[in-house]
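Sequence lines, in order, name chains A and B.
Here UniProt numbering is used: position 125 in the first sequence is 125, and no number is missing along the way.
Here UniProt numbering is used: position 122 in the second sequence is 122, and no number is missing along the way.
A virtual CB, placed ideally from N, CA and C, is assigned to each residue, including glycine.
All remarks here apply to the structure that follows.
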Amino acid sequence: MKVKVISRSTDEFTRERSQDLQRVYHNYDPNLRPQEKAVEYVRALTAAKLEKIFARPFIGALDGHRDGVSCMAKNPNYLKGFFSGSMDGDIRLWDIANRRTVCQYSGHQGAVRGLTVSTDGRILVSCGTDCTVKLWNVPVATLTDSDDSTDNSSEPLAVYVWKNAFWAVDHQWEGDLFATAGAQVDIWNHNRSQPINSFQWGTDTVISVRFNPAEPNVLATTASDRSITLYDLRMSSPARKVIMRTKSNSISWNPMEPMNFTAANEDCNCYSYDSRKLDEAKCVHMGHESAVMDIDYSPTGREFVTGSYDRTIRIFQYNGGRSREIYHTKRMQRVFCVKFSCDASYVISGSDDTNLRLWKAKASEQLGVVSIFLSRVFAVTLHPREQRKHAYHEAVKNRYKHLPEIKRIVRHRHLPKPIYKAASLRRTMMEAERRKAERRKAHSAPGSIVTEPVRKRRIIKEVE
Amino acid sequence: YPYIYNRDGTELHCLKEHGAVLKLQFLRNHFLLASINKFGQLRYQDVTMGEIVGNFRTGLGRTDVMRVNPFNGVVSLGHSGGTVTMWKPTTAAPLIKMLCHQGPVSALAFHPNGHLMATSGKECKIKIWDLRKYEVLQTLPGHAKTLDFSQKGLLAVGTGSFVQILGDFSGSHNYSRYMGHSMVKGYQIGKVSFRPYEDVLGIGHSMGWSSILVPGSGEPNFDSWVANPFETSKQRREKEVRSLLDKLPPETIMLNPSKIGTVREAKKKEKPTKQEREAEMEAAVEAVKGFVWKNKTKGRNKPSKKAKKKQELVAKAKRPFLDQQLKGEQS
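Given below as structure tokens:
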């Protein structure tokens, strides 16, 4: 009688040579792994703690301007090139990787209010309070960056003088036109010294302007009469306007959902709208303690970064009400402009203290080993095992992030004292208002007081 | 006293806190050493740091039947009254108390999937229990000094010098005889234990120990990340470090380990009856009435004002109860 018993031969289960990989066998039977959920919970807790240990978002500060940074522009064709303009008329092109100035453009008499780069990345358009629009040449990026400092200042390609001070400029995503905002919205062509078209609705100054990423003829502007207006270049008059209770400082279109845009408002909130239905905000993003000055979407369209007057930067999710992340430094004063880098890994902020600061979009992300070879800096990508480990940590943390211990660790952010105090004061005030409104409603005839949803509350009206 | 020894045989620790120990069990994922001593005291000790996590008096006398359920990490004891109790390190009272046998419990074993428990009593019965419903699935006649389940569900029963192996081949938890092995007469079997990933049963007896082959008892396909019979010393070191990082806190031991991360059931609050509510209101009013008044001078101590204030206080004390009543009536 033949008896069949488990017999394993060593050669099948061990490696032949020491250069081979070890053999790995899998059996996914859950009976072999008791208390799986508890083990996952412990791993999620450890992953949350590790994330907090490795959360060092600040990379560096770019030093050079002599006055506060008022506006920034990113080059759509070149990841490393960023432009910044300051309040004393100085425009610089920065190399973000090496954190130094590549090119300096001087010539503006007053503050530079708007910067934008043309579609092919060759021409930089700048406008300022000295009523001029200047076009500059962007140096073509070379593969090997020259080591000697190139502070060469160039002459502008063209200078167009117009009747009023300009507040903002934006270039079409695919096309040849750019729009400036001042007393009215002007549409310019690169070669004409006068605007080819002009839009005006009301008598107030237009503060910011943004072209839609998908529709080259649609643009949105904000004005100091607390309105957000949508224009279509093919029509002779502006299309639609929504008036809110407080003015919006800046707008950004969602590059992945181009019908939605988010406006950064003076009342410390950001409002996301669907441009087809402006009578109600899609989402209200709360978190800042002071006016939100600038907003920019990440190229993934899933999150956006905002910089505010309360010296912090916050990163929000495109559909979330609370910020995912807050960045602050003692040395960073009022933030006037923020930009998300084109590879969605970095955030750059320009603030009142004349510095541009480079931050990581995900604070605890391991961006790769930096190696220095022949005095050149190289960044190496992560080993696939490390990537898989990071992905596993993310996944297991997301699975248990609603449990109290893990939620407490993941949510925790250190806030500077003035912001913490301002936030708790605001919370008490909102709570008191809410309670009073509730009591008023409870003590009045049912149906006489109607509560408006938050998304509608700050809109006064929509005008065709 | 229990002692901890090195691989080479040097004594590392003498665990004096445990006392005169009858049985020791190790909870693998939690790194807890559980012991029961001759006074019936159950102790849990964390072997990584050496702290005593729990120390309980079972209250049911001396027992030397102790087993860990590998599925959920609870320790179960079999007592001389026929009861089996299950314990966890964070509560002083047993989780479950089951009356299993009419005589003392002589042996206890758990199936790796956590649903089955085999117990044997001195009244010559072996019972297979379902742990989800706490009901008997099968009763078999026979003595058993020791019981053990294999990875594939075969049950080894050892009495005297005879080992019997039972298995359920239809999958319906009907255990029938599979194999039997009798040793040399005179050898008293102490303990039987299945080897994890092999078809081998180890028998410890009065003259030493021996092993027999039991086809179909071990798990043929092992998972290298869980347990690797062919691991190198480097892999063993890595595994040790990783298992320490994944050490579970003692609070995660519960009867149903899949409850972690799920929603807690909402407790239904019983509404106090009308009488209770009235009693509460009366109590509140009485408390207010016992208020000691300050004697005010300079003409401010008017009796009418006092009376008015008293009325206000009583009304204030009654208000929350009346509000609740109104709310209840409205809804």
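Whether residue i touches residue j by CB criterion (8 Å)
{"i": "A:L356", "j": "A:V24", "result": "no"}
{"i": "A:K247", "j": "A:S272", "result": "no"}
{"i": "A:M293", "j": "A:F340", "result": "no"}
{"i": "A:T180", "j": "A:V133", "result": "yes"}
{"i": "A:W167", "j": "A:R113", "result": "yes"}
{"i": "B:G142", "j": "B:I189", "result": "no"}
{"i": "A:E462", "j": "A:D279", "result": "yes"}
{"i": "A:F261", "j": "A:H285", "result": "no"}
{"i": "A:C268", "j": "A:A239", "result": "no"}
{"i": "A:K74", "j": "A:I409", "result": "no"}
{"i": "B:G73", "j": "B:I253", "result": "yes"}
{"i": "B:I126", "j": "B:L140", "result": "yes"}
{"i": "A:R245", "j": "A:I460", "result": "yes"}
Paired residues, beta bridge with residue i - DSSP
{"i": "B:P215", "result": "In the DSSP output, where bridge partners are listed per residue, B:P215 has none listed."}
{"i": "B:D148", "result": "B:A156"}
{"i": "A:C283", "result": "A:S272"}
{"i": "A:F58", "result": "A:W359"}
{"i": "B:L140", "result": "B:I126"}
{"i": "A:N98", "result": "Its beta-bridge partners do not exist; DSSP assigns none."}
{"i": "A:L219", "result": "A:F211 and A:Y231"}
{"i": "A:V206", "result": "A:A223"}
{"i": "B:Q164", "result": "B:V157 and B:G180"}
{"i": "A:L177", "result": "A:N189"}
{"i": "A:A264", "result": "A:S250 and A:C270"}
Endpoints, alpha helix (DSSP H) assigned at residue i
{"i": "A:R385", "result": "P384 to R399"}
{"i": "B:G121", "result": "Premise fails: B:G121 lies in the beta strand (DSSP E), L116 to G121, not in any alpha helix (DSSP H)."}
{"i": "B:T232", "result": "From DSSP, B:T232 is part of no alpha helix (DSSP H); its letter is neither H nor E."}
{"i": "B:D323", "result": "P303 to Q330"}
{"i": "A:L45", "result": "E36 to I53"}
Extent of the continuous beta strand (DSSP E) to which residue i belongs
{"i": "A:D120", "result": "A:D120 -> no beta strand (DSSP E), and no H or E assigned at all."}
{"i": "B:R43", "result": "Q41 to D46"}
{"i": "B:Q25", "result": "V21 to L27"}
{"i": "B:M254", "result": "B:M254 -> no beta strand (DSSP E), and no H or E assigned at all."}
{"i": "B:F222", "result": "Here B:F222 belongs to no beta strand (DSSP E), and DSSP marks it neither H nor E."}
{"i": "B:L32", "result": "L32 to N37"}
{"i": "A:A73", "result": "V69 to K74"}
Of the residues the options, the one placed nearest residue i, counting alpha carbons only
{"i": "B:V292", "options": "B:K309, B:E278, B:K298 and B:N6", "result": "B:K309"}
{"i": "A:E155", "options": "A:F178, A:T129 and A:I123", "result": "A:I123"}
{"i": "B:D199", "options": "B:S193, B:G82 and B:G216", "result": "B:G216"}
{"i": "B:Q151", "options": "B:A109, B:E276 and B:K16", "result": "B:A109"}
{"i": "B:V214", "options": "B:S224, B:G261 and B:F149", "result": "B:F149"}
{"i": "A:E257", "options": "A:N27, A:V284, A:L278 and A:T300", "result": "A:T300"}
{"i": "A:T116", "options": "A:Q109, A:N137, A:G107 and A:R99", "result": "A:N137"}
{"i": "A:D170", "options": "A:R99, A:S252 and A:P404", "result": "A:S252"}
{"i": "B:L155", "options": "B:K274, B:Y178 and B:G290", "result": "B:Y178"}
{"i": "A:T101", "options": "A:I406, A:Q387 and A:I91", "result": "A:I91"}
{"i": "residue 471 of chain A", "options": "A:D343, A:S349, A:K330 and A:C342", "result": "No information on residue 471 of chain A is available, as it lies outside the stretch 1 to 464 that chain A covers here."}
{"i": "B:P196", "options": "B:I4, B:A227, B:M183 and B:G171", "result": "B:A227"}
{"i": "B:G19", "options": "B:I212, B:Q25, B:T232 and B:G40", "result": "B:G40"}
{"i": "A:L32", "options": "B:R28, B:K88 and B:R236", "result": "B:R28"}
{"i": "B:N113", "options": "B:E240, B:K133 and B:P70", "result": "B:P70"}
{"i": "B:N55", "options": "B:A34, B:E11, B:V314 and B:H13", "result": "B:A34"}
{"i": "A:E405", "options": "B:V314, B:I260 and B:L326", "result": "B:I260"}
Own chain, CB closer than 6 Å to residue i, minus 5 neighbours either side, in chain order
{"i": "B:I36", "result": "L22, K23, L42 and M66"}
{"i": "A:D148", "result": "Reliability of the predicted coordinates at A:D148 is poor, the pLDDT of 45 falling under 50, and the value obtained from them is presented with this limitation in mind. So no residue of the chain qualifies."}
{"i": "B:T83", "result": "K97 and L99"}
{"i": "B:G78", "result": "V65, V84, V105 and L108"}
{"i": "A:D151", "result": "Summary for A:D151: the model assigns pLDDT 49, below 50, so the residue's position carries little reliability, and this model does not support an answer."}
Contacting residues, own chain, Cβ-Cβ under 8 Å from residue i (five flanking each side not counted)
{"i": "B:L244", "result": "F31 and T48"}
{"i": "A:Y346", "result": "I59, I96, F340, L358, W359, K360 and A361"}
{"i": "A:T451", "result": "A437 and K441"}
{"i": "A:R399", "result": "E40 and A44"}
{"i": "A:L143", "result": "Note on A:L143: pLDDT 41, under 50, position unreliable in the model; the coordinate value appears next. The answer is none, since no qualifying residue turns up."}
Neighbourhood of residue i by C-beta, 7 Å cutoff - its chain only, sequence neighbours within 5 removed
{"i": "A:R255", "result": "Note that residue 255 of chain A is Pro in the sequence shown here, rather than Arg. Only P213, Y297, P299 and G301 meet the Cβ criterion."}
{"i": "B:S331", "result": "none"}
{"i": "A:V175", "result": "In the sequence as presented, Val is not what sits at residue 175 of chain A; that position holds Gly. Taken in chain order, the residues that qualify are T119 and P216."}
{"i": "A:K401", "result": "K407 and V410"}
{"i": "A:L382", "result": "Q366 and G368"}
Per-residue contacts from residue i into chain E (C-beta, under 9 Å)
{"i": "A:A442", "result": "This model lacks chain E altogether, as its protein chains are A and B."}
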